[in-house]
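Reading the sequence shown from the start, the letters are residues 1 to 94 in full-length UniProt numbering. Beta carbons: idealized from backbone N, C-alpha and C, even for Gly. Written below as structure tokens is the structure these notes are about.
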Amino acid sequence: MPKVVMYTTAICPYCMRAKALLSRKGMEYEELRIEGNREIMREMLKRSQRNTVPQIFIDDYHVGGYDDMAELDALGELDALLGLAPQIGPDIIT
1 MPKVVMYTTA ICPYCMRAKA LLSRKGMEYE ELRIEGNREI MREMLKRSQR NTVPQIFIDD
61 YHVGGYDDMA ELDALGELDA LLGLAPQIGP DIIT
């Protein structure tokens, strides 16, 4: 399974939506809270080049914010990034 990292704050409604979406998919994630932690905030800014939360990473892939992740889900692309998509390939009959 890929590693999911999400930079958040406690009162951000989009952060809550992002966590709920990942939870519905059964995904574990590492939550890094930026409020009151300048080091984590600087890390988020450096990695994402954005100053809003949430900022979501799947392994080294920068998804973006909640809207970006929800769009990937609506397009049917999020499950593949999360390693949840079924493997497509020839059926093996033995």
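- Approximately 6 Å separates the beta-carbon atoms of V5 and L32; this is inside 8 Å, confirming the contact.
- Taking C-beta atoms as the reference points, I56 and L82 fail to come closer than 8 Å.
- Annotation for C12: V53 place their beta carbon closer than 6 Å to its own, counting only its chain and skipping 5 residues before and after.
- Between Y29 and L21 the beta-carbon gap is near 10 Å, outside 8 Å, which marks them as no contact.
- Per DSSP, I40 is one residue of the alpha helix (DSSP H) stretching across R38 to S48.
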